[in-house]
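Visitor: Mind looking over this structure? Questions follow.
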Amino acid sequence: MLAADPRAVVPDARDMHLRMPAAHRLALLTCLALCLVACQGSSDSAQKQSAAPLVADTRGAQLYRNICAVCHGQKGEGYKADEAPALAQRDFLASVTDDFLRTAIRDGRTGSTMSAWALQHGGPLSPADVEELIHFIRTWDKGPKAKLDERPLSGDAGRGAAIFLRECSRCHGLHGIEGPNIRLGNRDLLATATNGYLRYAVRNGRPGTKMQRFDALLGDQGIEDVVAALRAYQTGTPNPAQAATPPAAVVPPPLPLGPVPLNPGGPEPEGFHKFPPGTTPVDIVHAQLARGARMALLDARAPSDYANQHIAGAVSVPYYDPSPYLQKLPKNAWLVCYCACPHAESGELAGKLVAAGFSKVTVLDEGLGVWNGKGYPVHTGTKP
């Protein structure tokens with residue numbers, strides 16, 4: 215049996231096209247053209263997506279997750295620990311400069327828990343890392359830039375101090391540096407905050423946070439007076455809460471671990487509570503040190519903070535990357551993690567140690583601030 219000629223069964227496409235009415239031919243051609251454009255657009259879009267990394271995969275995003283999120287929140291919402299401000303807040307991003315962000319990340323805030331993260335201070339971030347962080351923070355900046363009033367101040371600092379005491383001190387402290395919220399009187403902050411930035415913050419507040427707007431309550435002159443008072447805090451007599459600190463570390467991180475544990479031949483500590491979720495009070499840890507108990511004190515903060523001040527005998531094991539130290543830490547001795555938050559960074563470190571197989575882990579309950587306030591021994595510099 216001979217095979218059927220396929221041409222006898224299937225009409226030639228060219229013949230079909232010729233027999234098709236003109237209107238139908240035009241519609242078919244139009245449809246084909248649109249399909250080609252759509253396919254090309256889809257291909258271009260896929261190429262662009264493959265060429266540009268997702269925000270979550272960028273170096274800045276990774277640095278933020280590892281270092282900043284513990285206090286500022288995974289999405290920049292703020293107030294996760296130590297009343298750290300909301301970095302993703304629209305009015306903040308609309309008015310803040312890159313230089314303001316750069317200085318804060320690089321040099322920290324003296325007298326606060328905001329660490330100096332740059333390599334030059336003993337932190338982990340290179341100049342390129344700092345710029346990557348700023349770029350990531352700017353991905354939350356969706357609105358237009360604020361129009362800032364940068365004219366010279368015309369306020370009265372004396373009147374402003376009285377207003378500040380009445381309206382602001384409950385959140386920011388008597389001199390703007392002792393309160394639970396942003397330390398507006400901090401000299402490092404004020405050195406990079408322009409008059410326009412401060413006016414804008416006081417006038418408009420920060421919607422979605424505890425910072426209310428004061429334009430209706432204070433008026434233009436009251437705002438001028440408050441900003442003048444802040445400038446006086448910047449240049450006035452130093453307050454003990456913002457006293458000069460020793461020079462920060464210049465040793466590139468990670469710092470050498472130092473001897474662990476303390477009192478290697480000593481007895482087992484008493485009264486320690488395992489993490490999670492256990493924490494151990496400052497007085498118990500101090501009493502066990504005085505007793506000569508066998509333990510290690512791990513400072514979970516940035517090396518720059520450790521160099522400025524740390525518990526006597528403590529070693530630096532930063533919460534964001536303890537990996538260089540894991541092989542050298544003893545698993546048969548208690549590890550006491552501490553920070554100044556008082557639990558955020560130390561809790562992060564303790565969690566990573568437990569995940570790495572350490573079982574004798576606790577967190578110093580009240581943190582370095584309470585330890586310091588009780589007059590217990592502290593050291594400065596990069597050695598325990």
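Per our numbering, residue 215 is the first one in the sequence shown, and the count goes up by one each step. Glycine included, C-beta positions come from ideal geometry on N, C-alpha and C.
1) With DSSP as the reference, identify every bridge partner of S530, one or two as the case may be.
2) Quick one: grab the DSSP three-state call for T353.
3) Does the beta-carbon distance from V496 to L578 come in below 8 Å?
4) Could you tell me the alpha carbon to alpha carbon distance between A442 and L540, rounded to whole angstroms?
5) Taking W585 as part of the alpha helix (DSSP H), name the residues at either end of that continuous run.
6) Specify, as a first and last residue, the run of the alpha helix (DSSP H) that V499 falls within.
7) Given a threshold of 16 other Cβ atoms within 10 Å of its Cβ, counted over all protein chains shown, does D271 qualify as buried or as exposed?
8) Nearest to G287 by CA position, among G589, V531, A558, is which residue?
9) Would you say T353 and R401 are within 8 Å of each other, going by their C-beta atoms?
10) Could you name the residues of the same chain whose beta carbon sits closer than 6 Å to that of E438, not counting the 5 residues immediately before and after it, in chain order?
11) For C285, does the three-state DSSP call read helix, strand or coil?
12) On the DSSP bridge list, what partners appear for L578?
13) Does Y552 come out as helix, strand or coil in the three-state DSSP assignment?
14) Would you say G506 and T576 are within 8 Å of each other, going by their C-beta atoms?
15) Take T408 and list the residues in its own chain whose beta-carbon comes closer than 8 Å to its own, dropping the five residues that flank it on each side.
16) By the DSSP assignment, the alpha helix (DSSP H) with E559 in it spans what residues?
17) Can you say whether R380 is buried or exposed, counting buried as having 16 or more other CB atoms within 10 angstroms of its CB?
18) For A218, which residues in the same chain have their Cβ closer than 8 Å to its Cβ, ignoring the five residues on either side in sequence?
19) Please check the pair Y293 and F350, which I expect to be a contact at CB under 8 Å, by giving their CB distance rounded to whole angstroms.
20) If we count the other Cβ atoms within 10 Å of its Cβ and call it buried at 16 or more, is L431 buried or exposed?
21) With A526 and C553 assumed to form a contact (beta carbons below 8 Å), what rounded beta-carbon distance in angstroms separates them?
22) In this structure, what does DSSP give as the bridge partners for L339?
23) For R373, which residues from the same chain have a beta carbon less than 6 Å from its beta carbon, with the 5 sequence-adjacent residues on both sides left out?
24) By a C-beta neighbour count over all protein chains shown, 10 Å radius and 16 as the cutoff for buried, is P366 buried or exposed?
25) Mind checking whether W331 and I319 have CB atoms under 8 Å apart?
26) Using DSSP bridges, identify the partner residues of H524.
27) Just the C-alpha distance for G589 and S326, rounded to the nearest angstrom, thanks.
28) I'd like the list of long-range same chain contacts for K574, defined as Cβ closer than 6 Å, with 5 residues on each side in sequence excluded.
29) Taking 6 Å as the limit between beta carbons, can you name the residues of its chain near E562, skipping five residues before and five after?
30) Within 10 angstroms of its Cβ, does E482 collect 16 or more other Cβ (buried), or is it exposed?
31) Return the Cβ separation of R508 and P473 in integer angstroms, given the expectation that the two are a contact with Cβ distance under 8 Å.
32) Among V568, G583, L412, which residue has its Cα nearest to the Cα of A360?
33) For K566, count neighbouring C-beta atoms within 10 Å of its own C-beta (all shown protein chains included) and say buried if the count is 16 or more, exposed if not.
Guide: Taking the definition as stated:
1) Against the sequence shown, residue 530 aligns to sequence position 316. According to DSSP, which records beta bridges pairwise, S530 is partnered with D513.
2) Here residue 353 corresponds to residue number 139 of the sequence shown, with the count starting at 1. T353 falls in the coil class under three-state DSSP.
3) Within the sequence shown, the letter at position 282 stands for residue 496. Within the sequence shown, the letter at position 364 stands for residue 578. Cβ atoms of V496 and L578: closer than 8 Å.
4) As a working mapping, residue 442 is identified with position 228 in the sequence shown. As a working mapping, residue 540 is identified with position 326 in the sequence shown. If you take the alpha carbons of A442 and L540, they lie about 50 Å apart.
5) Taking the sequence shown and counting its residues from 1, one reaches residue 585 at position 371. First-last of the alpha helix (DSSP H) with W585: 581-587.
6) Translated into the one-based positions of the sequence shown, residue 499 becomes position 285. 496-504 is the span of the alpha helix (DSSP H), which, as asked, contains V499.
7) Counting from 1 along the sequence shown, the entry for residue 271 is found at position 57. By the 10 Å Cβ count, D271 comes out exposed.
8) Here residue 287 refers to the residue found at position 73 of the sequence shown. Out of G589, V531, A558, A558 has the C-alpha closest to the C-alpha of G287.
9) Here the question's residue 353 lines up with position 139 in the sequence shown. Here the question's residue 401 lines up with position 187 in the sequence shown. Not in contact: T353 and R401 (Cβ atoms no closer than 8 Å).
10) As a first step, residue 438 is located in the sequence shown; it is residue number 224 there, counting from the start. Once the five neighbours on either side are set aside, the close Cβ partners of E438 are S368, G369.
11) In the sequence shown, residue 285 corresponds to position 71, counting from 1. DSSP places C285 in helix when its eight states are reduced to three.
12) In the sequence shown, residue 578 corresponds to position 364, counting from 1. In DSSP, L578 forms a bridge with T494.
13) What you label residue 552 is simply residue 338 of the sequence shown in a count that begins at 1. It is a strand residue.
14) Within the sequence shown, residue 506 is the residue found at index 292, counting from 1. Within the sequence shown, residue 576 is the residue found at index 362, counting from 1. For G506 and T576, no; Cβs fall outside 8 Å.
15) Along the sequence shown, one-based indexing puts residue 408 at 194. Excluding sequence neighbours, T408 sits near T311, L362, E364.
16) Residue mapping note: residue 559 aligns to position 345 of the sequence shown, counting from 1. Residues 558-569.
17) The count along the sequence shown starts at 1 and reaches residue 380 at position 166. By the neighbour-count rule (16 or more Cβ atoms within 10 Å), R380 is not buried but exposed.
18) Sequence index remark: in the sequence shown, residue 218 carries index 4 (1-based). Here A218 scores only 40 on pLDDT, less than 50, and its place in the model should not be relied on; the value that follows carries that caveat. Within the same chain, A218 has no close Cβ partners at all.
19) Taking the sequence shown and counting its residues from 1, one reaches residue 293 at position 79. Taking the sequence shown and counting its residues from 1, one reaches residue 350 at position 136. Not confirmed; about 19 Å, so no contact.
20) The sequence position of residue 431 within the sequence shown is 217, counting from 1. Exposed, because fewer than 16 other Cβ atoms sit within 10 Å of the Cβ of L431.
21) Along the sequence shown, one-based indexing puts residue 526 at 312. Along the sequence shown, one-based indexing puts residue 553 at 339. Contact doesn't hold; Cβ gap of about 16 Å is too wide.
22) Within the sequence shown, the letter at position 125 stands for residue 339. DSSP lists A332 as partners of L339.
23) Position 159 of the sequence shown, counted from the first residue, corresponds to residue 373. Cβ within range, chain order: D439.
24) On the sequence shown, residue 366 is found 152 positions in, with the first residue counted as 1. With fewer than 16 Cβ atoms within 10 Å of its Cβ, P366 is classed as exposed.
25) For the purposes of this step, residue 331 is taken as residue 117 along the sequence shown, with counting starting at 1. For the purposes of this step, residue 319 is taken as residue 105 along the sequence shown, with counting starting at 1. Yes, the pair counts as a contact, with Cβ atoms nearer than the cut-off.
26) For this step, residue 524 is matched to residue 310 along the sequence shown. Note: H524 sits in a beta bridge opposite H593.
27) Sequence index remark: in the sequence shown, residue 589 carries index 375 (1-based). Sequence index remark: in the sequence shown, residue 326 carries index 112 (1-based). Approximately 19 Å, taken between the alpha carbons.
28) As a first step, residue 574 is located in the sequence shown; it is residue number 360 there, counting from the start. Closer than 6 Å at the Cβ level, and outside the excluded window around K574, lie W548.
29) On the sequence shown, position 348 is the one that residue 562 refers to. Closer than 6 Å at Cβ, skipping near neighbours: V284, Y533.
30) Against the sequence shown, residue 482 aligns to sequence position 268. Classification of E482: exposed, given that the 10 Å Cβ count is below 16.
31) The residue labelled residue 508 in the question sits at position 294 within the sequence shown. The residue labelled residue 473 in the question sits at position 259 within the sequence shown. So it is not a contact: roughly 12 Å between Cβ atoms.
32) Residue mapping note: residue 360 aligns to position 146 of the sequence shown, counting from 1. For A360, the nearest C-alpha among the options comes from L412.
33) Residue numbering aside, residue 566 sits at position 352 when the sequence shown is read from its first letter. Classification for K566: buried.
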